[in-house]
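**Student:** Before anything else, here's the structure in question.
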Amino acid sequence: MFRPNKTGWVFFLLLIALLFSLFTVYAFSDTGVSVSARAATLYEPNTQTFLYEKNSDTRLPMASTTKIMTALVVMEHADLDQKVEIDPRAVGVEGSSLYLTAGEVLTVRELLFGLMLRSANDAAEALAYEISGSVDGFVDLMNEKAAELGLVDTHFETPHGLDGKEHYTTARELAFLTAAAMENEEFRNVVSTYKITLGDDPVRLVVNHNKLLSLYDGAVGVKTGFTKKSGRCLVGAAEREGLTLITVTLDAPNDWSDHEKLFDFGFSLLECRTPLLSEEIVYSLPVIGGRAENLTVKNVEGYSYIAKKSALPVTREVKLPRYVTAPIREGEEVGSVCLYEGDTLLAEIPLVAEKSVPLPKKKSIFARIFSR
């Protein structure tokens, strides 16, 4: 029987260590998706479903993906057109920068573009001083917002994401935060912008660091990040035919590839179905005892939902009376249409009266006498 010598044992142990390290770098799941990230999630916000998770509840530094919260807090506390005179304390912050100068004036909106596209740390502090008068005061607002969103494994020390002992989040909670931010139309507009010119003197051309906008069909955001401690961090969002997906990777050597894989998996699995359009169903019903002989009824609401592509087809069942009796008010529910996926009821959508149908006018006593 073969018995390895001392050198053979050393080689064998090194091989085991190498295999283990590879296993910890790459996550393999029954989804067939593999990513390089230390932690990752693929999130569908409409149904609040995680389609993929790897170490999703592990607290990790998130670098400049912090600025998702910074931007959200700014948008909730400031008029985007208000002018900001740059505080001297915001000048010369280390890391990515707009190279702001003390006393220079930009709008909140311009600083947000610098914050999210160029990942400018000086813009983060300039906004913090404008909103709260201090960085610490602004960070308090960030942590209050985190608590409001129910984020229990997220804590901020800065508005820009430079490393701190108590500055962390999880892949899962960063997805929740991003979903909340993407509900803000101004936020969506900023993070989906590829490049923009800011200011008058000097004029700055700012190009988005997020390569997903050009790499992936349907990408609409969101934010990059990097420090030596955090590694490469990336939050992405993509939309196709009514379906939105959010991807998060923390400490990912191959982040662009990771996000493309996660998006591909999500879009191959799910679709947005619209089995009923607004005002698609229209019926005419006879009216008894009214000024009109017929009543038009229709669905005002449409219905869309997120489903697996393998889900059963949707069927309809219309529920209406054979006739209606006056009086009838405009918008009054007369019937409904039930939508089923197989035997499962998805929704029951009202069918309502298009117009009012009043009772006939009462004849005056003289009209009744002379009509006999």
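Once you know that position 335 of the sequence shown is 319 in my numbering, the rest is easy, because the numbers rise by one and skip nothing.
Virtual Cβ for every residue (Gly too), placed ideally from N, Cα, C.
For Pro186, which option in Tyr83, Gly274, Ala203, Arg257 has the closest C-alpha, if you only look at C-alpha atoms?
**Tutor:** Locating residue 186 in the sequence shown gives position 202, counting from the first residue. Comparing Cα positions, the closest option is Tyr83.
**Student:** Whole angstroms is fine: what's the gap from Thr54's alpha carbon to Thr142's?
**Tutor:** Start at 1 with the first residue of the sequence shown, and residue 54 comes out as number 70. Start at 1 with the first residue of the sequence shown, and residue 142 comes out as number 158. Their backbone Cα atoms lie some 9 Å apart in a straight line.
**Student:** The beta strand (DSSP E) that contains Ala203, what's its start and end?
**Tutor:** Taking the first residue of the sequence shown as position 1, residue 203 is located at position 219. Ala203 -> beta strand (DSSP E) spans 203 to 211.
**Student:** Over the uninterrupted beta strand (DSSP E) stretch that includes Tyr289, give me the two end residues.
**Tutor:** If you number the sequence shown from 1, residue 289 lands on position 305. Its beta strand (DSSP E) spans residues 287 to 292.
**Student:** Mind checking whether the beta-carbon of Phe160 lies closer than 7 Å to any heavy atom of the ligand MG?
**Tutor:** In the structure on display, the ligand MG does not appear, and there are no ligands present to speak of.
**Student:** If Leu44 and Ala23 are in contact, beta carbons under 8 Å, what's the gap, nearest whole angstrom?
**Tutor:** Residue 44 sits at position 60 when you count from the first residue of the sequence shown. Residue 23 sits at position 39 when you count from the first residue of the sequence shown. Confirmed, Cβ separation roughly 6 Å.
**Student:** Please classify Thr357: is it buried, with 16 or more other beta-carbons within 10 angstroms of its beta-carbon, or exposed?
**Tutor:** Because the chain here runs from -15 to 356, residue 357 falls outside it and cannot be looked at.
**Student:** Please name the residue in Ala21, Tyr36, Met46 whose C-alpha comes closest to that of Ser214.
**Tutor:** Within the sequence shown, numbered from 1, the residue matching residue 214 stands at position 230. Of Ala21, Tyr36, Met46, the residue nearest in Cα terms is Met46.
**Student:** Can you find at least 3 beta carbon pairs, one from the stretch 88 to 98 and one from the stretch 125 to 145, that sit closer than 8 Å?
**Tutor:** Cβ pair count under 8 Å is below three, so no.
**Student:** Just the Cα atoms here: how many angstroms apart are Phe247 and Gly16?
**Tutor:** If you number the sequence shown from 1, residue 247 lands on position 263. If you number the sequence shown from 1, residue 16 lands on position 32. When rounded, the distance between both Cα atoms is 13 Å.
**Student:** Helix, strand or coil: which one does DSSP assign to Ala23?
**Tutor:** Residue numbering aside, residue 23 sits at position 39 when the sequence shown is read from its first letter. Correct three-state label for Ala23: strand.
**Student:** Whole angstroms is fine: what's the gap from Asp120's alpha carbon to Leu253's?
**Tutor:** Against the sequence shown, residue 120 aligns to sequence position 136. Against the sequence shown, residue 253 aligns to sequence position 269. Approximately 43 Å between the Cα atoms of the pair.
**Student:** From what residue to what residue does the beta strand (DSSP E) around Ser268 run?
**Tutor:** As a working note, residue 268 is residue 284 in the sequence shown. That run of the beta strand (DSSP E) goes 266 to 272.
**Student:** Based on DSSP bridge pairs, tell me the residues matched to Lys149.
**Tutor:** Counted from its first residue, the sequence shown places residue 149 at position 165. BP columns for Lys149 are empty, so no partner.
**Student:** If we ignore side chains and look at the alpha-carbon of each, how far apart do Lys212 and Thr299 end up?
**Tutor:** Residue mapping note: residue 212 aligns to position 228 of the sequence shown, counting from 1. Residue mapping note: residue 299 aligns to position 315 of the sequence shown, counting from 1. Using only the alpha carbons, I get a separation of about 54 Å.
**Student:** How many Å lie between Ser48 and Leu329 at the Cα?
**Tutor:** Taking the sequence shown and counting its residues from 1, one reaches residue 48 at position 64. Taking the sequence shown and counting its residues from 1, one reaches residue 329 at position 345. Roughly 44 Å separates the two Cα atoms.
**Student:** Buried or exposed: which applies to Asp184, given that a residue is buried once 16 or more other Cβ atoms fall within 10 Å of its Cβ?
**Tutor:** For the purposes of this step, residue 184 is taken as the residue at position 200 of the sequence shown. The residue is exposed, with fewer than 16 neighbouring Cβ atoms inside 10 Å.
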